[in-house]
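Numbering (the working numbering), first residue to last: 3 to 346.
Using N, Cα and C, we set each Cβ at its ideal position, and we do this for glycine too.
Everything numeric in this text was worked out from a predicted model, so none of it was measured.
Structure first, commentary second.
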């Protein structure tokens with residue numbers, strides 16, 4: 003099997019992720035901030051330690067502004083729905099994923115004319131990277147494809163909110179993500195999910211303090227422990243991970259751009275490459291890649307119809323190949339040979 007769908011979720015996960023999650027479940031995972039006993043205190047301390055290490059990795063001065071979420075989509079919904087009101091204007095940089103487009107549609111936001119800036123940091127279709135502008139307006143960033151792949155110094159980036167997943171470039175488990183907040187966003191943002199936090203229980207309102215204000219209910223403790231283990235693996239290797247991603251991007255462009263009967267869509271700056279087959283249906287091409295060559299890809303619109311409309315591949319979509327840190331040069335070469343054979 004050659005796994006080339008890392009843009010949807012990294013595989014394999016970083017060493018130690020599964021073990022950390024299993025240990026959390028097997029040794030008890032108490033609901034922190036609720037229990038007044040040693041195990042709950044020890045677990046809360048472990049969560050705080052992981053939060054602090056994530057803050058250091060992503061350049062957030064105050065770890066309390068690192069919010070654990072159920073994933074990137076949740077984080078984007080929290081930022082968009084907690085800030086934007088019906089009729090507000092937004093400015094889009096980069097074609098939005100449905101995790102942005104659908105909330106904006108429901109909110110009745112109006113594109114153009116300034117207002118909140120929303121940046122697709124990396125396209126999951128073309129692999130393009132979009133700069134984060136410096137603006138007086140609030141800036142929300144979708145870092146689904148760049149977190150763990152490109153260096154991010156949040157406090158110096160110009161972003162006010164950045165949502166990211168744990169299961170892609172960070173090589174952690176599904177079901178855990180982060181929402182990074184600037185000080186001014188932390189003050190302006192309204193919580194959209196309300197519930198118990200174990201703090202300020204006498205109040206009918208959400209706590210005024212971070213991170214409690216944006217972390218209602220029970221945290222995904224196994225997911226947090228798994229993400230912590232992934233960070234243990236990634237942080238000392240991050241320069242190598244960056245260099246590897248750059249080399250893979252260059253190799254993929256070189257290998258696939260010259261294949262007759264296949265068009266490379268866009269100009270990737272990430273190891274995310276979309277192919278448009280000219281002589282065979284894309285869905286059939288993806289099916290043959292798996293059945294005949296053991297190559298797993300992602301075919302269709304990749305939950306990003308706006309990107310495909312901009313690239314001229316809507317509604318047909320593309321066959322997307324996305325490499326990860328564990329993808330070898332030999333696997334990319336095998337994939338190129340298979341694409342060449344299918345495209346004839």
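Residue i at chain B interface by Cβ criterion, 8 Å
i           : result
residue 109 : You won't find chain B in this structure, because it holds only one protein chain.
Classification of residue i by the beta-carbon crowding that lies within 10 angstroms, buried from 16 upward
i           : result
residue 254 : buried
residue 211 : exposed
residue 330 : exposed
residue 162 : buried
residue 325 : buried
residue 250 : buried
residue 307 : buried
residue 171 : buried
residue 276 : buried
residue 167 : buried
residue 125 : buried
residue 237 : exposed
residue 184 : buried
residue 239 : exposed
Test item: CB-CB of residue i and residue j under 8 Å
i           : j           : result
residue 181 : residue 156 : no
residue 143 : residue 123 : yes
residue 174 : residue 221 : no
residue 165 : residue 77  : yes
residue 159 : residue 267 : no
residue 34  : residue 213 : no
residue 151 : residue 24  : no
residue 112 : residue 89  : yes
residue 71  : residue 179 : yes
residue 97  : residue 285 : no
residue 169 : residue 328 : no
residue 233 : residue 147 : no
residue 16  : residue 235 : yes
residue 227 : residue 26  : yes
residue 177 : residue 225 : yes
residue 196 : residue 208 : yes
Sequence-distant residues of its chain with Cβ nearer than 8 Å to residue i (five each side left out)
i           : result
residue 345 : 261, 262, 263, 264, 279, 280, 281, 282 and 287
residue 245 : none
residue 139 : 93, 116, 117, 118 and 119
residue 194 : 79, 80, 83 and 84
residue 52  : 226, 227, 229, 230 and 233
Residue i (DSSP reduced to helix, strand or coil)
i           : result
residue 142 : strand
residue 228 : helix
residue 222 : coil
residue 80  : helix
residue 217 : coil
residue 74  : helix
residue 304 : coil
residue 322 : strand
residue 289 : helix
residue 7   : strand
residue 179 : strand
residue 236 : helix
residue 275 : strand
Chain-order list of residues whose beta-carbon lies under 6 Å from that of residue i (same chain, five-residue window excluded)
i           : result
residue 295 : 340
residue 32  : 41, 42 and 45
residue 82  : 105
residue 75  : 101
residue 36  : 200
residue 231 : 18, 19 and 22
residue 269 : none
residue 342 : 261
Contacts around residue i, its chain only, beta-carbon distance under 7 Å, and the 5 residues preceding and following it disregarded
i           : result
residue 7   : 298, 299, 300 and 324
residue 337 : 4, 6, 297 and 323
residue 103 : 308
N-terminal and C-terminal residue of the alpha helix (DSSP H) that residue i is part of
i           : result
residue 165 : Taken as a continuous stretch (DSSP letters only), residue 165 belongs to no alpha helix (DSSP H), being part of the beta strand (DSSP E) at 163-167.
residue 30  : Note, residue 30: premise wrong, no alpha helix (DSSP H); not H, not E.
Limits of the beta strand (DSSP E) - the one that residue i falls within
i           : result
residue 118 : 118-122
residue 346 : Element bounds for residue 346: n/a, residue is neither H nor E.
residue 11  : Careful: residue 11 lies outside any beta strand (DSSP E) and carries neither H nor E.
residue 258 : Run containing residue 258: none in the beta strand (DSSP E); it sits in the alpha helix (DSSP H), 240-258.
residue 100 : Note, residue 100: premise wrong, no beta strand (DSSP E); alpha helix (DSSP H) at 100-109.
residue 93  : 91-95
residue 2   : Lying outside 3 to 346, the shown extent of the chain, residue 2 is not represented and no answer is given.
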